[in-house]
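Shown next, in structure tokens, is the structure this report addresses.
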Amino acid sequence: MLAKKYASVAGQSSVIREIFEYGKKRASIVGADNVYDFSIGNPSVPAPASVNENAIRIMQTEDSCKVHGYPSAVGYDDTREAIADNLNKRFGTNYHKNNIFMTTGAAAAITFCFRALADSGVGDEIMVCAPYFPEYKCFIEGAGVKATEIQADIKDFQINFNELERKLNEHTRAIIINSPNNPTGVVYSKETLEKLASILEEASNRYGRPIYIISDEPYREIVFAGKTAPYVPHFYKNTLVCYSYSKSLSLPGERVGYIAFTDDIEDADIMLGTIGAVARELGYVGVPSLFQMVVRDCVSDTSDISVYETNKNIIYKALTDMGYSCVEPDGTFYIFPQCLEPDAEAFCKKAQQYDLLLVPSDSFSCTGHFRLSYCVPTERVERALPLFEKLIKDYRS
Ligand SMILES: Cc1ncc(COP(=O)(O)O)c(C=O)c1O
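Residue numbers for the sequence shown follow numbering that gives the first Met the number 0, so the first one is 0 and each next one is one higher.
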């Protein structure tokens, strides 16, 4: 007999994965060129040349026992110092190496935070703002904690504060936010963050313990011209930033990211150790050494992310000209238009008849929308536009 908790869900994969797999099968029938797979958020641009150059140099010149050896649980000192310095230059903060815990991507970072901030099986809650990255719920519930959903504010996809205030209670331990946002592409404004901070400060005082913000920021650098993504710790001291090099350096397979918190955070003195205890229990024994060293040396680089903005401009204009309704993304490589019928799954099934692979919004706990990932070559976006036109004509006829 296997563990019931896991055996009961064995073989279930995410809707996004299912669509991705369907796309591969369909490509073997009609040809890859004729399938427009906008389902998955895998960066379409290569890592910058500095990544390979540094990886080769490090392998050729640095101590092999370090390059391929066990890293310390919190990460290499020099990598954490390089990250702290980089953040301090960009955001005027005072991070030092003991404010940084290296993780295998943002997925591990947020999982560690959920477990470090909330106790299992005692009714603790973590808030999530719809629409949200589907794995949040899996990670929170896996930690034995309740995921309390805040319904989407579909007018602009900022935070639905009425609902948030209604659902905040003495069991709330943290709220996870994600800006720039997957799936909407929206950046939370300064006003949104100010209001969130003021509500959480008041609630923390009311309940006599801190309610933390977990700021999930894998898309921090992918922000379009004229927009800026305000840095969340500037608004609220009890913030843990979860970062990843998966998108900014196009390194999702290398699994490198970190958690950052300032010395002002509540329980700062035991934060690193508590996160370390979570990592230990989950069996994480550090982050791949070579790529910690690469990140140390490429800390201020990004891949050429300009194609995402080019794609956004093309697709946003074309879809809205055709009559689709959507909030313009401020960043990321996602757009989240309204479906042409209330049932998002039915709409995405219909789109599949045109070989357009889109993700229904129900996967992100929001109805009536679809997510389109435009991390694809621009030519693919352009070639797909007539199919979106056919789809809308089909609905109108
Ligand atoms: C919002 C969000 N958070 C976290 C992750 C996980 O990223 P990583 O590859 O760093 O684990 C993703 C990946 O797509 C994401 O979109």
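For every residue, glycine included, the Cβ atom is placed at its ideal position computed from N, Cα and C.
Fair warning: this is a prediction, and the values are worked out from it, not measured in the lab.
Given a cut-off of 9 angstroms, decide if residue j and residue i are closer than it, judged by their beta-carbon atoms.
| i | j | result |
| --- | --- | --- |
| G275 | A26 | no |
| C365 | I153 | yes |
| L356 | F19 | yes |
| T319 | C325 | yes |
| S288 | P130 | no |
| A403 | K136 | This structure cannot speak to residue 403, because the chain is shown only from 0 to 396. |
| N237 | E201 | no |
| M58 | V66 | yes |
| P359 | E340 | no |
| Y94 | M292 | no |
| F160 | A196 | no |
| V286 | L248 | no |
| D263 | V34 | no |
| P45 | P251 | no |
Using only alpha-carbon positions, find the residue among the options that is nearest to residue i.
| i | options | result |
| --- | --- | --- |
| A142 | E169, F335, N177, T110 | T110 |
| E190 | S214, V231, D262 | V231 |
| L53 | G282, Q337, Y315, C297 | It should be noted that the sequence gives Asn, not Leu, for residue 53. Here the closest residue by C-alpha is C297. |
| I314 | V375, S360, D361, M292 | V375 |
| Q157 | V127, P133, C137, A173 | V127 |
| F387 | N159, G40, K349 | K349 |
| G282 | R172, E17, N310, T102 | T102 |
| D329 | E265, A105, N181, D268 | N181 |
| E124 | V14, N161, V144 | V144 |
| I139 | D84, T171, N159 | T171 |
| D361 | V14, S247, K392, K166 | V14 |
| I55 | N161, Y307, Y35, F290 | F290 |
| S299 | V286, V8, D84, G120 | D84 |
Helix, strand or coil: how does DSSP classify residue i here?
| i | result |
| --- | --- |
| M0 | coil |
| A83 | helix |
| A9 | coil |
| Q337 | strand |
| H233 | helix |
| L239 | strand |
| P385 | helix |
| R165 | helix |
| S119 | coil |
| A108 | helix |
| G256 | strand |
| K96 | helix |
| N51 | helix |
| E193 | helix |
| D300 | coil |
| N177 | strand |
| C347 | helix |
| Y35 | strand |
| V380 | helix |
| Y411 | Past the boundaries of the shown model lies residue 411; the chain is included only from 0 to 396, so the question cannot be answered. |
Counting only the same chain and skipping the five closest in sequence on each side, list residues whose C-beta sits under 6 angstroms from that of residue i.
| i | result |
| --- | --- |
| Y242 | E216, G256, Y257 |
| F260 | N98, L239, M270 |
| L163 | I149 |
| T92 | L86 |
| V277 | F111, R114, A115 |
| L199 | I210 |
Can you list, in chain order, the residues of its chain whose CB lies under 8 angstroms from that of residue i, leaving out five sequence neighbours each side?
| i | result |
| --- | --- |
| G10 | none |
| P336 | L318, Y323, S324, C325, H368, F369, L371 |
Please determine whether the Cβ atom of residue i lies at a distance below 8 angstroms from any heavy atom of ligand 2.
| i | result |
| --- | --- |
| V298 | Looking for ligand 2 in the displayed structure turns up nothing; the ligands present are ligand 1. |
Only counting the same chain, and skipping five residues up and downstream in sequence, which positions put a Cβ closer than 7 angstroms to that of residue i?
| i | result |
| --- | --- |
| A228 | S178, P179, V186, R219, V222, G330 |
| E381 | I313 |
Inset, instruction - Please write down, chain order preserved, every residue whose beta carbon lies under 6 angstroms from a heavy atom of ligand 1. - result: That query returns the following residues: G40, G104, A105, A106, F132, N177, N181, D215, P217, S243, S245, P251, G256.
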